[in-house]
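Residue numbers (numbering that gives the first Met the number 0), protein chains in the order written: chain A, 0 to 343; chain B, 0 to 343. For every residue, glycine included, the Cβ atom is placed at its ideal position computed from N, Cα and C. Please read all numbers here as calculations on a predicted model, not as lab measurements. Data block below; observations after.
2 protein chains.
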Amino acid sequence: MTVMQHRCGCGIDIHAHVIPASFPRSMKTPEPESWPSMQSAQPCHQHVMIAGKIYRTVSDRCWDVPKRISDMDEMGLRLQVVSPMPELLSYWMKASDADDLLRYINDQTAEMIAHSGGRLAGLGAIPLQDIDLAIAELRRVKLDLGFAGVEVGSNINGRPIGAPEFDPFFAAAEELGAAVFVHALRPSGMDRLIGPPQLQQVLAYPSDVGLAAASVITTNLIVRRPKLRIAFSHGGGTLGLLLPRLAEGHRVFAPLRESIKPAPAEQARQLFYDSLVYDEPALRYLVDLFGETQIMLGTDHPFNFHDRTPVDRVLATFDDQRIRQHLLADNAMRFLGLAKGASA
Amino acid sequence: MTVMQHRCGCGIDIHAHVIPASFPRSMKTPEPESWPSMQSAQPCHQHVMIAGKIYRTVSDRCWDVPKRISDMDEMGLRLQVVSPMPELLSYWMKASDADDLLRYINDQTAEMIAHSGGRLAGLGAIPLQDIDLAIAELRRVKLDLGFAGVEVGSNINGRPIGAPEFDPFFAAAEELGAAVFVHALRPSGMDRLIGPPQLQQVLAYPSDVGLAAASVITTNLIVRRPKLRIAFSHGGGTLGLLLPRLAEGHRVFAPLRESIKPAPAEQARQLFYDSLVYDEPALRYLVDLFGETQIMLGTDHPFNFHDRTPVDRVLATFDDQRIRQHLLADNAMRFLGLAKGASA
Numbered sequence: 000m001t002v003m004q005h006r007c008g009c010g011i012d013i014h015a016h017v018i019p020a021s022f023p024r025s026m027k028t029p030e031p032e033s034w035p036s037m038q039s040a041q042p043c044h045q046h047v048m049i050a051g052k053i054y055r056t057v058s059d060r061c062w063d064v065p066k067r068i069s070d071m072d073e074m075g076l077r078l079q080v081v082s083p084m085p086e087l088l089s090y091w092m093k094a095s096d097a098d099d100l101l102r103y104i105n106d107q108t109a110e111m112i113a114h115s116g117g118r119l120a121g122l123g124a125i126p127l128q129d130i131d132l133a134i135a136e137l138r139r140v141k142l143d144l145g146f147a148g149v150e151v152g153s154n155i156n157g158r159p160i161g162a163p164e165f166d167p168f169f170a171a172a173e174e175l176g177a178a179v180f181v182h183a184l185r186p187s188g189m190d191r192l193i194g195p196p197q198l199q200q201v202l203a204y205p206s207d208v209g210l211a212a213a214s215v216i217t218t219n220l221i222v223r224r225p226k227l228r229i230a231f232s233h234g235g236g237t238l239g240l241l242l243p244r245l246a247e248g249h250r251v252f253a254p255l256r257e258s259i260k261p262a263p264a265e266q267a268r269q270l271f272y273d274s275l276v277y278d279e280p281a282l283r284y285l286v287d288l289f290g291e292t293q294i295m296l297g298t299d300h301p302f303n304f305h306d307r308t309p310v311d312r313v314l315a316t317f318d319d320q321r322i323r324q325h326l327l328a329d330n331a332m333r334f335l336g337l338a339k340g341a342s343a
Numbered sequence: 000m001t002v003m004q005h006r007c008g009c010g011i012d013i014h015a016h017v018i019p020a021s022f023p024r025s026m027k028t029p030e031p032e033s034w035p036s037m038q039s040a041q042p043c044h045q046h047v048m049i050a051g052k053i054y055r056t057v058s059d060r061c062w063d064v065p066k067r068i069s070d071m072d073e074m075g076l077r078l079q080v081v082s083p084m085p086e087l088l089s090y091w092m093k094a095s096d097a098d099d100l101l102r103y104i105n106d107q108t109a110e111m112i113a114h115s116g117g118r119l120a121g122l123g124a125i126p127l128q129d130i131d132l133a134i135a136e137l138r139r140v141k142l143d144l145g146f147a148g149v150e151v152g153s154n155i156n157g158r159p160i161g162a163p164e165f166d167p168f169f170a171a172a173e174e175l176g177a178a179v180f181v182h183a184l185r186p187s188g189m190d191r192l193i194g195p196p197q198l199q200q201v202l203a204y205p206s207d208v209g210l211a212a213a214s215v216i217t218t219n220l221i222v223r224r225p226k227l228r229i230a231f232s233h234g235g236g237t238l239g240l241l242l243p244r245l246a247e248g249h250r251v252f253a254p255l256r257e258s259i260k261p262a263p264a265e266q267a268r269q270l271f272y273d274s275l276v277y278d279e280p281a282l283r284y285l286v287d288l289f290g291e292t293q294i295m296l297g298t299d300h301p302f303n304f305h306d307r308t309p310v311d312r313v314l315a316t317f318d319d320q321r322i323r324q325h326l327l328a329d330n331a332m333r334f335l336g337l338a339k340g341a342s343a
């Protein structure tokens with residue numbers, strides 16, 4: 000860790016967020032309740048206002064491309080794949096209103112990418128509360144804006160992303176070669192937390208994304224859509240400890256054995272995960288469990304709760320040059336459909 | 000694994016369940032809705048009926064002590080600490096009715112222990128929906144029935160076990176030297192599961208007990224009650240992957256840093272966990288994380304979904320004789336208050 004090996008600038012970060020510098024007023028009267036707006040905060044910061052309250056106070060790194068690139072240089076990243084702050088996904092808004100908002104956000108994201116000199120790539124937002132609108136915007140962000148794919152929530156209004164009603168979306172993503180990044184959002188288990196509001200992000204987010212990844216396995220999504228490239232935030236959340244128990248349940252209970260094929264552990268090794276666990280033993284455990292070809296850098300930059308040393312952490316955790324190269328960049332290239340010989 | 004080292008019969012299993020052979024009718028008219036009863040099933044099995052439906056079909060090992068001891072011999076166990084099937088905890092029943100039921104179950108458990116020739120010890124059930132009744136029954140099972148302590152749910156009607164309203168119970172448990180075993184129950188996240196009903200046990204149980212253990216840490220229970228001996232089922236569920244993220248959140252967010260003292264990882268290493276993860280890498284990860292002094296055998300015997308080779312798994316996972324001895328028996332002795340020099 001003492002040698003600043005990260006100066007190589009070799010990393011690809013697939014979990015980083017953007018927020019537009021400002022939001023237009025909605026064209027609807029009255030404005031939809033959760034339509035966002037910005038309000039001045041301390042220097043270089045803005046409050047993201049949602050439903051009349053401060054949702055989060057964020058730094059100008061969320062929209063300022065030169066400052067972001069300066070951070071990336073510090074962190075040893077050559078490319079960041081940026082997606083909207085998840086709360087902006089707006090699944091709880093009327094679909095046509097959400098579609099207006101998400102098209103604006105996607106266009107703003109495309110602007111940032113255009114001004115990044117090749118240092119940023121994009122994951123768009125789509126209104127999954129309406130599958131047809133969602134697929135139309137998926138096509139636009141992939142084909143017109145040139146994004147790598149889309150970010151989706153771990154659940155859409157309480158339904159986990161593996162639920163069968165989302166299959167037409169996954170069919171379209173597979174056909175288009177669009178990468179799908181599943182991010183924790185409005186999690187279950189909120190009534191199980193005792194403490195400050197940050198526990199939502201800290202504890203309930205990984206729990207929800209773990210159950211979301213499990214829902215993808217229990218419904219055999221990757222078997223039905225074998226060319227789909229799908230990744231889960233926060234190292235797959237709690238999936239890493241759910242999976243051994245799911246594997247044993249699969250051996251013991253006939254209904255699970257009959258409905259989940261092939262076995263859960265095998266399916267899990269065909270999904271992608273980011274490295275965002277802030278911990279060397281946990282990262283090593285996940286690489287052993289999911290495979291060295293399935294984990295990619297993720298940072299949550301530029302939010303407060305982001306991994307400031309993603310490249311150094313990989314270098315400190317793994318001596319093997321091949322594993323390092325997989326985690327730092329090669330797996331991300333495959334996930335994004337940019338690897339040599341990739342079909343997408 | 001080829002040498003049958005488990006024939007040593009050295010293991011202490013702190014996670015095993017009992018069900019009385021039959022239930023009396025309730026003294027109330029009409030009978031409380033979830034008052035249990037037994038119905039004949041296949042040979043050597045009974046259906047546990049709750050609210051007019053088969054809750055679970057169970058083998059006579061649940062109440063037949065000689066058969067249980069025969070299983071224990073096969074599994075290499077010298078002692079099982081038995082607790083009621085968690086659904087019987089009946090927190091959702093009127094407290095006085097639950098108290099009637101749980102006193103009956105505790106007395107039946109005491110009978111089984113009395114006929115076990117020292118091979119069984121007990122964890123009682125208490126009606127935690129009423130703290131005063133719960134403490135009274137805690138005192139009875141510890142002082143009159145001679146149990147090691149009690150089993151409690153990961154949540155009581157949706158409130159996690161770390162919630163402040165349960166502190167008087169923990170104060171009494173600490174004072175009495177009663178061990179507390181926290182078992183997953185009626186979990187959160189049920190709406191995130193897509194698949195057969197067994198996914199409740201397989202996926203939602205570990206998620207709920209993980210959040211329950213986190214609630215104990217975020218409220219500093221073990222700091223407030225330093226002599227309390229408290230253990231979590233299923234290896235602490237998902238806690239092992241929540242903890243690194245909680246540790247980082249604690250470093251980043253002032254409200255967490257100010258409210259959780261000492262740091263989460265340090266508190267986690269003062270709690271106990273069972274070994275019930277069915278997986279060598281997961282067990283190794285948890286021992287590294289929580290400490291070799293904090294993990295004890297747990298099997299979920301005699302339910303279908305139980306670990307049939309708990310001792311062999313420890314022997315296969317760890318070469319170090321001291322770690323083996325800790326996990327197989329010594330940690331359980333400390334948890335149960337039976338270790339030499341223990342204060343309780």
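{"Query": "Any contact of the region 24-35 of chain A with the region 286-300 of chain A, i.e. 3+ C-beta pairs under 8 Å?", "Result": "no"}
{"Query": "Does S36 of chain A come out as helix, strand or coil in the three-state DSSP assignment?", "Result": "strand"}
{"Query": "Quick one: which chain B residues come within Cβ less than 7 Å of L202 of chain A?", "Result": "L210, A213, L241 and L245"}
{"Query": "Taking the alpha-carbon positions, what's the M344 of chain B to R312 of chain B distance?", "Result": "Residue coverage of chain B in this structure runs from 0 to 343, which leaves residue 344 of chain B outside it and unanswerable."}
{"Query": "Tell me the rounded alpha-carbon separation between D106 of chain A and A113 of chain A.", "Result": "10 Å"}
{"Query": "Tell me which residues share the same chain as L335 of chain B and place their Cβ nearer than 7 Å to its Cβ, disregarding the 5 neighbours each side in the sequence.", "Result": "V80, A120, A147 and A178"}
{"Query": "Measuring alpha carbon to alpha carbon, tell me which residue in B:P159, B:E174 and B:I160 is nearest L137 of chain B.", "Result": "B:E174"}
{"Query": "So with CB distances below 8 Å, who are the chain A contacts of F252 of chain B?", "Result": "P195, Q197, V201, N303 and F304"}
{"Query": "Is the Cβ-Cβ distance between H300 of chain A and D70 of chain A less than 8 Å?", "Result": "yes"}
{"Query": "On a Cα-Cα basis, can you pick out the residue from B:V181, B:A183 and B:L198 that is closest to M189 of chain B?", "Result": "B:L198"}
{"Query": "Checking the sheet assignment: what are the DSSP bridge partners for T56 of chain A?", "Result": "A:H46"}
{"Query": "How about L202 of chain B and S232 of chain B: are their beta carbons less than 8 Å apart?", "Result": "no"}
{"Query": "Have a look at A341 of chain A and N154 of chain B and give me their C-alpha separation to the nearest angstrom.", "Result": "For A341 of chain A, the pLDDT reaches just 48, beneath the cut-off of 50, and the residue's location in the model is therefore unreliable, leaving the point undetermined."}
{"Query": "Just by C-beta distance, which residues in the region 271-285 of chain B are closer than 8 Å to chain A?", "Result": "V276, Y277, D278, P280, A281 and Y284"}
{"Query": "Could you tell me the distance, in whole angstroms, from the CA atom of P243 of chain A to the CA atom of A281 of chain B?", "Result": "8 Å"}
{"Query": "For A162 of chain A, would you say it is in contact with chain B, using Cβ-to-Cβ distances shorter than 8 Å as the test?", "Result": "yes"}
{"Query": "Just tell me which of B:P126, B:S21, B:C61 and B:A135 has its CA closest to the CA of K93 of chain B.", "Result": "B:P126"}
{"Query": "Which runs of the beta strand (DSSP E) spanning at least 3 residues fall entirely within the region 182-245 of chain A, listed in chain order?", "Result": "229-231"}
{"Query": "Bridge partners of E150 of chain B, per DSSP?", "Result": "B:A124 and B:F180"}
{"Query": "Which value, in whole angstroms, describes the spacing of the CA atoms of L100 of chain B and E150 of chain A?", "Result": "50 Å"}
{"Query": "Do the CB positions of D273 of chain A and G234 of chain A come within less than 8 Å of each other?", "Result": "yes"}
{"Query": "On the criterion of 16 or more Cβ atoms from any shown chain inside 10 Å, does I53 of chain B qualify as buried, or is it exposed?", "Result": "exposed"}
{"Query": "So what does G145 of chain B bridge to, in DSSP terms?", "Result": "BP columns for G145 of chain B are empty, so no partner."}
{"Query": "Please identify, using Cβ separations under 9 Å, the residues of the region 146-175 of chain A that lie next to chain B, in order along the chain.", "Result": "S153, N154, G157, R158, P159, G161, A162 and P163"}
{"Query": "In this structure, how does DSSP classify R158 of chain B when only helix, strand and coil are distinguished?", "Result": "strand"}
{"Query": "Return the CA-CA distance between F180 of chain B and I216 of chain B, expressed in angstroms with no decimal places.", "Result": "15 Å"}
{"Query": "If you check the beta carbons only, do L227 of chain A and F169 of chain A fall under 8 Å apart?", "Result": "yes"}
{"Query": "Select from B:P19, B:N219, B:L210 and B:W62 the residue whose C-alpha is nearest the C-alpha of A258 of chain B.", "Result": "Inspection of the sequence shows that residue 258 of chain B is occupied by Ser rather than by Ala. It is B:N219."}
{"Query": "Closer than 6 Å by C-beta to V208 of chain B: which residues in its own chain qualify, once you throw out the five before and the five after it? Chain order, please.", "Result": "S153, A183, F231, S232, H233 and G236"}
{"Query": "So the candidates are A:W91, A:P205, A:L327 and A:R307; which of them puts its Cα closest to the Cα of L210 of chain B?", "Result": "A:P205"}
{"Query": "In the DSSP assignment, what are the bridge partners of F334 of chain A?", "Result": "None, per the DSSP bridge assignment."}
{"Query": "Could you check the C-alpha separation between Q293 of chain B and K339 of chain A for me, to the nearest Å?", "Result": "48 Å"}
{"Query": "Can you check which of these residues, B:D131, B:I160 and B:G123, is closest to D143 of chain B by C-alpha distance?", "Result": "B:G123"}
{"Query": "Taking T217 of chain B as the query, report the chain A residues whose CB atoms sit under 7 Å from its CB, ordered along the chain.", "Result": "I193, G194 and L198"}
{"Query": "Can you tell me whether DSSP reads M295 of chain A as helix, strand or coil?", "Result": "strand"}
{"Query": "Look up Y90 of chain B in the DSSP assignment and say whether it is helix, strand or coil.", "Result": "coil"}
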